[in-house]
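Residue numbers (my numbering): 1212 to 1503.
Let me begin by presenting the structure, written as structure tokens, before commenting on it.
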């Protein structure tokens, strides 16, 4: 689900300035070191990603300082690139900067973001865009750029950085169990053009190969869609009760009522049953990539 522009009643107010954390400069510095070491080895971002078990998009974002590197990635990259401890030496500084960082999400989104950061399970049903947790940097930027009313350029960049930072939970250990049912129409919509769409499809295939992540597609020819009411997220924080999150037209809501949650959980089970299984979903995504 996207972090949109919050609205109360009929009045829409400009978003307040985003919080700025102290990790941006450090992330950029570490990213530059990683890039120099990779280029010294003569590898592309994809080649380095393949050797480390990460996507090309993640390596690109790290080198540009848009994501905070995880300790295990710094360890693996240091050994693989023969950095002699250069990257490993940054781990403590990165951890301290991350601990000092203030949340950069809009105020109305922070409750959900906080719960997501400590989640042990996240389940998405998406009918409009690819879930933010699964988006590439290019796809995420386009979703903010086309938003109406227009967001300022600096706000767009801050929102993109915040969204990418959320995605760190996918590569940490232990990572949450993540399932996503995405409507086929979402994957066929060429947000940002064919190149951005293809990059996003490739990223979904990569994520689908993670042990903790399951991607399913609800096909267009599904005759009995169990949730024509729209998208939602079911989230289970560690040692806490499950909650649901819905967001539409700038209005967001956290749902904690037990009966509402029971209904959404049952609905999500039906939706997963109607969707293609993970292997069939990967086959369909690969087919989309091959289409002219």
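Glycine included, each C-beta is placed from N, C-alpha and C at the ideal position.
Fair warning: this is a prediction, and the values are worked out from it, not measured in the lab.
Straight-line spacing of the CA atoms in residue 1259 and residue 1293 works out to 13 Å. Residue pairing by DSSP leaves residue 1255 without any beta bridge partner.
Here the alpha carbons of residue 1444 and residue 1282 stand approximately 29 Å from one another. Only buried fits residue 1394, as 16 or more other CB atoms lie within 10 angstroms of its CB. Here the stretch 1430-1442 lies against the stretch 1478-1486, with 3 or more beta-carbon pairs under 8 Å apart. Spatial neighbours of residue 1332 in its own chain (CB-CB distance under 6 Å, excluding positions within 5 residues in sequence) are listed in chain order as 1387, 1388, 1447. Here the C-alpha atom of residue 1497 lies approximately 14 Å from the C-alpha atom of residue 1487.
The beta carbon of residue 1285 lies closer than 7 Å to those of 1298, 1299, 1301, 1302 in the same chain, with the five residues before and after it left out. Taken in chain order, the complete alpha helix (DSSP H) segments of 4 or more residues contained in the stretch 1282-1325 are 1282-1292, 1302-1311. For a cut-off of 8 Å, the C-beta gap from residue 1398 to residue 1499 is around 6 Å, short enough to register as a contact.
The secondary-structure analysis by DSSP pairs residue 1463 across a beta bridge with 1458. Distance from the CA atom of residue 1336 to the CA atom of residue 1347, rounded to whole angstroms, is 18 Å.
In the DSSP assignment, residue 1274 falls within the alpha helix (DSSP H) that extends over 1267-1274.
Taking residue 1349 as the centre and dropping the five residues before and after it, the same chain places the C-beta of 1403, 1407, 1410 closer than 7 Å to its C-beta, in chain order.
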